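Novice:
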Amino acid sequence: DSGVTQTPKHLITATGQRVTLRCSPRSGDLSVYWYQQSLDQGLQFLIQYYNGEERAKGNILERFSAQQFPDLHSELNLSSLELGDSALYFCASSETSGIQETQYFGPGTRLLVL
Amino acid sequence: AQSVTQLGSHVSVSEGALVLLRCNYSSSVPPYLFWYVQYPNQGLQLLLKYTSAATLVKGINGFEAEFKKSETSFHLTKPSAHMSDAAEYFCAVSASGGSYIPTFGRGTSLIVHP
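First to last, the protein sequences are chains A and B.
Residue numbering for the first sequence is 1 to 114, as defined by my numbering.
Residue numbering for the second sequence is 115 to 228, as defined by my numbering.
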């Protein structure tokens, strides 16, 4: 158990809908990272937040957005969903924002868009 | 720009045999390099990372990797495979000196035969 929790574990929705994925980092960790893993695109880094502020942005679509709240949990919002958004979404956390920090990954949320 | 190529989507070894998973990278700036492991139905776990210190990096579970700049490689090895090593392995590259924005390889599935 990494100490990172993600909810829900599974999510089934329809095209055009909007969903919110939630991530709670390990106690004391200030950085949260979001990743997408799909059969087509493989594993992709989406975005990083550090202490409430966006720190780094990867291949995140404009239909997707994220935020980190004062209690340090983070939410990833996916809107206007398409079939291709079906994937496993991971979050990870680390103590600070440095590139050398070890990240601890949650178990993921599996999203299926029908 | 950066990219990662993992040679071989599947690697099969016998228990007790040498494990060699290949990773070649491309980066326009000095890279940081990472190996992650993903066990079935679990999140990612960092095995080891190269962050411009020693070129031979030792990680968890007996794995190690050597950064070879001349060959643009960061191959992962383990002297003796265990059944518990069966998993998906991902190599990733991120530019040093800036934010953590990794690019992942497509992954190599390690199969260990008794």
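Just so you know, even glycine gets a beta-carbon here, dropped at the ideal spot from N, CA and C.
Just so we're clear, the structure is a prediction, and the values are computed from it rather than from any experiment.
(1) Cα separation between residue 140 (chain B) and residue 206 (chain B)?
(2) Against chain E, with Cβ distances strictly below 9 Å, would residue 102 (chain A) count as a contact?
(3) Is the separation between the beta-carbon of residue 51 (chain A) and that of residue 30 (chain A) shorter than 9 Å?
(4) Contact criterion: CB-CB distance below 9 Å. Does residue 119 (chain B) meet it with respect to chain A?
(5) Ordered along the chain, which non-local residues of its own chain (more than five positions away) have a Cβ less than 8 Å from that of residue 215 (chain B)?
(6) So which of A:73, A:102, A:20, A:89 has the shortest CA-CA distance to residue 156 (chain B)?
(7) Under 8 Å: does the beta carbon of residue 227 (chain B) sit that close to some heavy atom of the ligand SAH?
(8) Output the distance between the C-alpha atoms of residue 190 (chain B) and residue 54 (chain A), rounded to the nearest integer angstrom.
(9) Can you tell me the Cα-Cα spacing of residue 150 (chain B) and residue 81 (chain A), whole angstroms?
(10) Enumerate in chain order the residues of its own chain whose CB-to-CB distance from residue 95 (chain A) is below 8 Å, with the five nearest sequence positions on each side excluded.
(11) Please report how far the alpha carbon of residue 172 (chain B) lies from the alpha carbon of residue 43 (chain A), in whole angstroms.
Specialist: Per the coordinate set shown:
(1) 11 Å
(2) The chain labelled as chain E is not found among the protein chains of the depicted structure, namely A and B.
(3) yes
(4) no
(5) 208, 209
(6) A:89
(7) Among the ligands in the structure shown, none appear at all, so the ligand SAH cannot be discussed.
(8) 32 Å
(9) 29 Å
(10) 28, 29, 30, 31, 101
(11) 24 Å
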